[in-house]
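Asks:
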Amino acid sequence: MPSRYQDWLAQGLRDLRAARSMLDGGFYEWAAFQAHQAAEKGLKALLRFHHQEHRGHRLVAMLEALAGKLSIPEALVEAARELDWHYTGSRYPNHFAEGYPAQYYDRKIAQRCVDHAERILEFVQGNLGG
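Residue numbering for the sequence shown is -17 to 112, as defined by my numbering.
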């Protein structure tokens, strides 16, 4: 099986651009979700670079899988933990007792998610051995 880590990274970077676009457009819940997607694809790229594959969407679990190969900063784990919260909550009304996701997201939350995704992708790119 070919690694294809470059493909995963390229899509992760594109997802980060989409997150910024959603942020600029005021679709804050979608910016949060797209930030998670960017980080997820970046981490899956790094896992594939190290000949590992990961099923699932938990960023923290992906960082744990990488911990045997790389030193993972605690701040990155905290960023991943926060982004993991937005994987479902940003999309489904049943995540909340009432209302729908757009009512719970604002620019500050979305910006923090985009910032977390940027840090994770920077970490990924800095550890791709090039």
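Even glycine gets a Cβ: it sits at the ideal position worked out from N, Cα and C.
Let me confirm a value: Gln(-12) is counted as buried when at least 16 other C-beta atoms fall within 10 Å, else exposed. Which label applies?
Replies: Position 6 of the sequence shown, counted from the first residue, corresponds to residue -12. Gln(-12) should be labelled exposed.
Asks: Give me the Cα-Cα distance between Ala99 and Ile91, rounded to the nearest whole angstrom.
Replies: Looking up residue 99 in the sequence shown gives position 117. Looking up residue 91 in the sequence shown gives position 109. Cα to Cα, the separation comes out at about 13 Å.
Asks: For a test of the three-state rule: what should DSSP assign to Val106, helix, strand or coil?
Replies: The residue you call residue 106 lines up with position 124 of the sequence shown. Val106: helix per DSSP, three-state reduction.
Asks: Helix, strand or coil: which one does DSSP assign to Glu138?
Replies: The first residue shown for the chain is -17 and the last is 112, placing residue 138 beyond what the model contains.
Asks: Going by CA-CA distance only, name the one from Gly8, Leu(-2), Glu11, Gly50 that's closest to Glu22.
Replies: Locating residue 22 in the sequence shown gives position 40, counting from the first residue. Out of Gly8, Leu(-2), Glu11, Gly50, Leu(-2) has the C-alpha closest to the C-alpha of Glu22.
Asks: Put Glu64 into one of helix, strand or coil per three-state DSSP.
Replies: Here residue 64 refers to the residue found at position 82 when the sequence shown is read from its first residue. Reduced to three states, the DSSP call for Glu64 is helix.
Asks: Is the separation between the beta-carbon of Leu28 and that of Leu5 shorter than 8 Å?
Replies: Along the sequence shown, one-based indexing puts residue 28 at 46. Along the sequence shown, one-based indexing puts residue 5 at 23. It is not a contact, given that the beta carbons lie outside the stated cut-off.
Asks: Excluding the five sequence neighbours on either side, which residues of its own chain have a C-beta within less than 8 Å of the C-beta of Val42, listed in chain order?
Replies: In the sequence shown, residue 42 corresponds to position 60, counting from 1. Closer than 8 Å at the Cβ level, and outside the excluded window around Val42, lie Val59, Ala62, Arg63, Asp66.
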